[in-house]
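**Q** Residue numbers (our numbering): 878 to 1062.
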């Protein structure tokens, strides 16, 4: 397991807040308790999980198949021998993790999910450019010549790595087009 500085800090903060909530006085204890509750909600943790040795079965949700793969790899990055089960109907991965592992997985997943979303936009742009889909439309002609953004340049570079999948019309069976069956009413 790779415990990052962040996960150790979060765990230590939770321990301190727990102690302060127990031993503090008045508003101090209330504030500590509220902060502890907020951290537990954010990371879906129970107070008993602050101890490194407690492993808990986690159900971690995802949005789609791409994100489930990213999540699974984040889990394996943190815990290489993790036994991951999937509940596809509920869009959840099931895995046993300690609190520190769970925090690290969630932080990595949050990071890579955001990065993937941005990269997907660039890939889509590159795919459209590579295959010249709808690039001669009135809206693109009106746009005229404009400065390329950093994202545009990245997409143009990416096109070199993509296969050329231009539509040629070869997929259409010309015999079917000439067939009287298509014209019948």
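Cβ atoms here follow ideal geometry from the backbone N, Cα and C, with glycine treated the same way.
Is the beta carbon of residue 974 sitting closer than 8 Å to the one on residue 933?
**A** Within the chain shown, the letter at position 97 stands for residue 974. Within the chain shown, the letter at position 56 stands for residue 933. Closer than 8 Å, so yes.
**Q** Counting only the same chain and skipping the five closest in sequence on each side, list residues whose C-beta sits under 7 Å from that of residue 912.
**A** Here the question's residue 912 lines up with position 35 in the chain shown. Hits under 7 Å: 894.
**Q** By Cβ distance below 6 Å, which residues in the same chain neighbour residue 1060 in space, the five residues on each side in sequence not counted?
**A** Here the question's residue 1060 lines up with position 183 in the chain shown. Here residue 1060 scores only 41 on pLDDT, less than 50, and its place in the model should not be relied on; the value that follows carries that caveat. Excluding positions up to five away in sequence, the list is empty.
**Q** Work out the CA separation of residue 1024 and residue 995 for me, nearest whole Å.
**A** Position 118 of the chain shown, counted from the start, is the residue given in the question as residue 995. Position 147 of the chain shown, counted from the start, is the residue given in the question as residue 1024. Distance between the alpha carbons of residue 995 and residue 1024 is about 20 Å.
**Q** By how many angstroms is the C-alpha of residue 901 removed from the C-alpha of residue 982?
**A** Here residue 982 corresponds to residue number 105 of the chain shown, with the count starting at 1. Here residue 901 corresponds to residue number 24 of the chain shown, with the count starting at 1. Distance between the alpha carbons of residue 982 and residue 901: 32 Å.
**Q** Report the CB separation of residue 992 from residue 972 in whole angstroms; it is logged as a contact under 8 Å.
**A** Residue mapping note: residue 992 aligns to position 115 of the chain shown, counting from 1. Residue mapping note: residue 972 aligns to position 95 of the chain shown, counting from 1. About 22 Å separates the two Cβ atoms, so there is no contact after all.
**Q** What residue does the alpha helix (DSSP H) around residue 932 start on, and which one ends it?
**A** In the chain shown, counting from the first residue as 1, residue 932 sits at position 55. Where residue 932 is concerned, there is no enclosing alpha helix (DSSP H), although the beta strand (DSSP E) it sits in stretches over 932–938.
**Q** Would you kindly work out how many angstroms separate the C-alpha atoms of residue 904 and residue 968, rounded to a whole number?
**A** As a working mapping, residue 904 is identified with position 27 in the chain shown. As a working mapping, residue 968 is identified with position 91 in the chain shown. Rounded to whole angstroms, residue 904 to residue 968 spans 41 Å at the Cα level.
**Q** Enumerate, from N- to C-terminal direction, the unbroken beta strand (DSSP E) stretches of 3 or more residues contained entirely within the segment 937–1019.
**A** Entirely contained in the segment 937–1019, the beta strand (DSSP E) runs reaching 3 residues are, in chain order, 962–964 and 969–975.
**Q** Between which residues of its own chain and residue 964 is the CB-CB distance below 7 Å, once the five residues before and five after are set aside?
**A** Here the question's residue 964 lines up with position 87 in the chain shown. Only 971 meet the Cβ criterion.
**Q** Report the option in 985, 1031 and 907 whose CA atom is closest to the CA atom of residue 953.
**A** Position 76 of the chain shown, counted from the first residue, corresponds to residue 953. The shortest Cα separation from residue 953 among 985, 1031 and 907 belongs to 985.
**Q** Put residue 904 into one of helix, strand or coil per three-state DSSP.
**A** Within the chain shown, the letter at position 27 stands for residue 904. Residue state, collapsed to three classes: helix.
**Q** Alpha carbon to alpha carbon, what distance is there between residue 939 and residue 887?
**A** Here residue 887 is taken as the residue at index 10 of the chain shown, counted from 1. Here residue 939 is taken as the residue at index 62 of the chain shown, counted from 1. Approximately 23 Å between the Cα atoms of the pair.
**Q** Among 1009, 919 and 1003, whose alpha-carbon lies nearest the alpha-carbon of residue 1028?
**A** Start at 1 with the first residue of the chain shown, and residue 1028 comes out as number 151. Checking every option, the nearest Cα to that of residue 1028 belongs to 1003.
**Q** Does DSSP classify residue 1027 as helix, strand or coil?
**A** Counting from one through the chain shown, the residue named residue 1027 turns up at place 150. In the structure shown, residue 1027 sits in a helix (DSSP, three-state: H, G or I).
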